[in-house]
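Going down the list, the protein sequences come from chains A and B.
Each step along the first sequence adds one to the number in the working numbering, with nothing skipped, and position 84 is 84.
Each step along the second sequence adds one to the number in the working numbering, with nothing skipped, and position 191 is 1191.
We put the beta carbon where it would ideally sit given N, CA and C, even for glycine.
There are 2 protein chains.
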Amino acid sequence: MQELPIKITTDCNLYLKNPETSELGQRIVTNSIELINELGFEAFTFKKLGKKIKSNESSIYRYFESKHHLLVYLITWYWSWLEYRLVFATSNILDPEERLRIAVEIITKKVEQDFAFGYINEVLLFNIVIDEGSKAYYTKDVDEENEKGFFKPYKRLIKRLSDMVLGVNPNYIYPEMLMSTVIEGARKQRFFTEHLPGLTTTIKEDKDTIVSFFIQLVFHNLKNNV
Amino acid sequence: MQELPIKITTDCNLYLKNPETSELGQRIVTNSIELINELGFEAFTFKKLGKKIKSNESSIYRYFESKHHLLVYLITWYWSWLEYRLVFATSNILDPEERLRIAVEIITKKVEQDFAFGYINEVLLFNIVIDEGSKAYYTKDVDEENEKGFFKPYKRLIKRLSDMVLGVNPNYIYPEMLMSTVIEGARKQRFFTEHLPGLTTTIKEDKDTIVSFFIQLVFHNLKNNV
DNA sequence: TAAAATTAATAGTATTACTTTTATATTTGC
DNA sequence: GCAAATATAAAAGTAATACTATTAATTTTA
């Protein structure tokens, strides 16, 4: 079994039993990604997942308290993976502008290649992030779940990006707001491109309009704030 | 009965019977806004609403096919109301920059005052837009619902805003993307401010950080695109 | 005032998320 | 190597959900 460099720690309170630690746990994660992709989160149930992995509904409940917990786990895994890639891609870049440019590119671009990180298919997971991502926090229980630590990894990612913003312009006063607007905005524009094109812009000559737009947005904004 | 200047037309296919046209219909709308605020959309049911308006679950189904249809109706009413206010506030402004500034302010600022438009409480409706707004389109049926015309009023609003952007800078190439990023981004930042402050920035001295941020974002971006 | 339309009430369906219980494997400590 | 702890599977059950169908009562209107 391959070790994954991305760990969702216990202090996030996202699982009852760490799915990394058993074959069944891994099968739950792998197959839930496939099944949520196929059915959408609302139609996805632990019963159907149990059938798919030739196990039982009640066994899945040993790992995740609810299907909502499982969704948050998957989305969190994605943010942690993004942060990992971000650190990796920018570690040798000394120029702050170049660092930020690379960072914005990574957080806004499509995931098209399966990085084959263990039992997780990143391309399918990316689709879930686009289509179902905001369901992780649009709940009546956000505040409670936030206190439990559910969103720590996401906050850490935003913090890291904000620091890069300040590296380019230490006087900029909205670093967190800018970066969460970019990361969430890019997700939304992807969704619009796919389903509601009237709400977005696509430039045919551009390989990725969403990436270009957000890079321009960030840098034009920072340059005017001296 | 006061006439509402905001009409959700039949070609949006959002209702079975227009709730404006009867007292029961209006009670359904008024009270659903209160009840969704109170319980959140997931815990809200037609059964509970029926009890609240001292009518019956099945009667509500005569107006709205499902609770999802009702939610989309409410959100759509909000977009139409925003557009109405937008047109009203900018109709006499000739300077394109000033027009756009006013527009961005209107679409990003909080609704704190009940405009007392008939039977709709705009402050409560605004809360629903913040907390549940994106549930209107994050569904497996988006494409189908889009074809039915569910999102026409929202698209019209984005179109109108894009035209104002082009009024300021005719060479700007991402008008729709910029405006939907602003409108959706402002909603999300409001939610973060309330529930996940680690993902956003708040400046105490500023009366409304979200408005200031987005105005700056738009204008710095447009000025660098000649 | 009769017909049409609207509303109310009841009861029903299939499915959902999740729990409980019990039995059977599998792993682990000694 | 075997008992004890743990993990898994299976079945059955619960309360609630979203929605439908039917029927009856009430209101509107022609």
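| Check | Outcome |
| --- | --- |
| Starting from the beta carbon of PHE213(A), find every residue of chain B whose beta carbon is closer than 9 Å, and list them in chain order. | ILE1173, TYR1174, MET1177, LEU1178 and THR1181 |
| What's the C-alpha gap between LEU35(A) and LYS47(A)? | 11 Å |
| Please list, in chain order, all residues of the same chain as MET1(A) whose beta carbon is under 7 Å from its beta carbon, the five residues on each side excluded. | Residue placement at MET1(A) is flagged as unreliable, the pLDDT there being 36, under the threshold of 50; the coordinate-derived value follows with that caveat. Closer than 7 Å at Cβ, skipping near neighbours: no residue. |
| Would you mind telling me which residues of chain B sit closer than 8 Å to ALA43(A), beta carbon to beta carbon, in chain order? | LYS1140 |
| Using DSSP with H/G/I as helix, E/B as strand and the rest coil, what is ILE1120(B)? | strand |
| Is ILE75(A) near GLY133(A), with beta carbons less than 9 Å apart? | yes |
| For LYS188(A), which of THR1009(B), LEU1178(B) and TYR1119(B) has the nearest alpha-carbon? | LEU1178(B) |
| Measuring CB to CB, does ARG1190(B) end up less than 9 Å from LYS1110(B)? | yes |
| Where THR1200(B) and TYR73(A) are concerned, what is the direct C-alpha to C-alpha distance, given to the nearest angstrom? | 22 Å |
| From TRP1077(B) to GLY1185(B), what distance separates their C-alpha atoms? | 20 Å |
| Identify the continuous alpha helix (DSSP H) that holds GLY167(A) and give its terminal residues. | 152-168 |
| Pull out every residue of the region 1080-1109 of chain B whose Cβ sits closer than 9 Å to any Cβ of chain A, in chain order. | none |
| At least one CB of chain B closer than 9 Å to the CB of TYR137(A): is that the case? | yes |
| Relative to the C-alpha of PHE88(A), which candidate in ILE106(A), ILE158(A) and TYR119(A) has its C-alpha closest? | ILE106(A) |
| Measuring alpha carbon to alpha carbon, tell me which residue in ILE1158(B), THR1209(B) and ASN1171(B) is nearest TRP1079(B). | ILE1158(B) |
| Under the three-state reduction of DSSP, which class applies to ASN31(A): helix, strand or coil? | helix |
| DSSP on VAL1111(B), reduced to helix/strand/coil? | coil |
| I need the DSSP call for ALA149(A), collapsed to helix, strand or coil. | A small fix is needed here, since residue 149(A) is Gly in this sequence, not Ala. Note: GLY149(A) maps to coil in three-state DSSP. |
| Thinking just about the alpha-carbon of each residue, which of LYS1067(B), GLU1038(B) and LEU1049(B) is nearest to the one in TYR1015(B)? | LYS1067(B) |
| For the region 14-30 of chain A against the region 51-64 of chain A, do three or more pairs of beta-carbon atoms, one drawn from each stretch, fall closer than 8 Å, so that the two count as touching? | yes |
| What is the rounded straight-line gap between the Cα of VAL1104(B) and the Cα of MET1164(B)? | 10 Å |
| Please report the straight-line C-alpha distance between ASN1127(B) and ILE173(A), rounded to a whole angstrom. | 27 Å |
| Under a CB-based cut-off of 9 Å, is ILE33(A) close to chain B? | no |
| For ILE203(A) and THR209(A), which I take to be in contact (beta-carbon distance under 8 Å), what is that distance rounded to the nearest angstrom? | 5 Å |
| Please identify, using Cβ separations under 9 Å, the residues of the region 9-25 of chain A that lie next to chain B, in order along the chain. | none |
| Does GLY149(A) come within less than 9 Å of chain B when only Cβ atoms are used? | no |
| Between SER59(A), THR108(A) and VAL142(A), which has its C-alpha nearest GLU1235(B)'s C-alpha? | With chain B covering 1001 to 1226 only, the question about residue 1235(B) has no answer from this structure. |
| Taking only three categories from DSSP, how would you classify ASN1092(B)? | coil |
| Can you name the start and end residues of the alpha helix (DSSP H) that SER212(A) belongs to? | 209-223 |
| Does DSSP classify ALA1136(B) as helix, strand or coil? | helix |
| With 9 Å set as the bound, which would you pick, yes or no: does the beta-carbon of LEU49(A) sit closer than that to a beta-carbon of chain B? | no |
| Note the first and the last residue of the continuous alpha helix (DSSP H) segment covering ILE1173(B). | Here ILE1173(B) belongs to no alpha helix (DSSP H), and DSSP marks it neither H nor E. |
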